[in-house]
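Engineer:
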Amino acid sequence: MPTADRQKAMQCANIKKLLRTMKHLFLTAVLALLSLGASAQSKTWEVGGKLDYATDVPHFGIGAFARYNIDGHFRPEAAVNFYPSDDHVSGWDMSLNLHYIFHITDKFKLYPLGGLSVVGYAFDYDGPDSSSKTRAGFNLGGGLQYHITDNIHLNAESYYKFTSDYDRAVINVGIAYVF
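Sequence positions in the sequence shown follow mature numbering (1 follows the signal peptide of the UniProt record, and there is no 0) and run -40 to -1, 1 to 139.
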């Protein structure tokens, strides 16, 4: 195998290993969040979907999240987003964030957020120019939520993902079911 092909094969193998490791870490974090519910039934869960706009992606993305309200103020969140292929570029990211909730009114809440993220991109072109990249980073931003009913709320967030190559601003809107 020529040297360039061997290097590309090694890069692909390393990326696959990193993705498997990140998937295991993400699933471990979700399981840790789930185990919190076993210790106290009075806590509430939220699951939902969202529509994302990221400044470095040429199209909108879709995402899902799970949140666990620990004590009325602290809320960890696990989230995943996917940006479908457009112009030969697709992307994804996974985040573990922590929110601190400020109860403005019974229906309206604000929160700062911070956390860790993994961002991946695939550049799919015919020939040798195709590649994929994965980077780890952290998130800083904030959000708001408005309760439509006791079990359903709308939310909007704006935050910045800091990574080594793919820093980006993200704005999203979503809906969540609380149980």
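Ideal Cβ positions, reconstructed from N, Cα and C, are used throughout, including at glycine.
Is it buried or exposed, G21, if we count other Cβ atoms within 10 angstroms and call 16 or more buried?
Structural biologist: It is buried - the Cβ of G21 has at least 16 other Cβ atoms within 10 Å.
Engineer: State the start and end residues of the unbroken beta strand (DSSP E) segment that holds R123.
Structural biologist: Checking the displayed sequence, the identity of residue 123 turns out to be Thr instead of Arg. Segment 112 to 123, the beta strand (DSSP E) holding T123.
Engineer: Within its chain, find whatever has a CB closer than 8 Å to the CB of G32; leave out the 5 residues flanking it on each side and keep chain order.
Structural biologist: I61, H63
Engineer: For Y137, collect the residues of the same chain with a Cβ closer than 8 Å to its Cβ; drop the 5 residues on either side in sequence, then sort them by chain order.
Structural biologist: E6, V7, G8, N111, I112
Engineer: Mind checking T94: buried by the 16 CB within 10 Å criterion, or exposed?
Structural biologist: buried
Engineer: Between N99 and K121, what straight-line distance do the alpha-carbon atoms span, to the nearest angstrom?
Structural biologist: 5 Å
Engineer: List the residues that DSSP assigns as beta-bridge partners of S77.
Structural biologist: S55, G97
Engineer: Taking 6 Å as the limit between beta carbons, can you name the residues of its chain near S45, skipping five residues before and five after?
Structural biologist: none
Engineer: Going along the chain, which residues of its own chain have a beta-carbon closer than 6 Å to the beta-carbon of T4, five neighbours each way excluded?
Structural biologist: N29, V138
Engineer: Helix, strand or coil for T65? Go by DSSP, reduced to three states.
Structural biologist: coil
Engineer: Going by DSSP in three states, T(-13) sits in which element: helix, strand or coil?
Structural biologist: Helix at T(-13).
Engineer: For N132, I'd like the list of residues in its chain whose CB is within less than 6 Å of its CB, leaving aside the five on either flank, ordered along the chain.
Structural biologist: If we look at N132 and ignore the five residues flanking it on each side, its Cβ neighbours are K10, D12, E117.
Engineer: So G23 is in the beta strand (DSSP E); what residue range does that whole segment cover?
Structural biologist: 21 to 29
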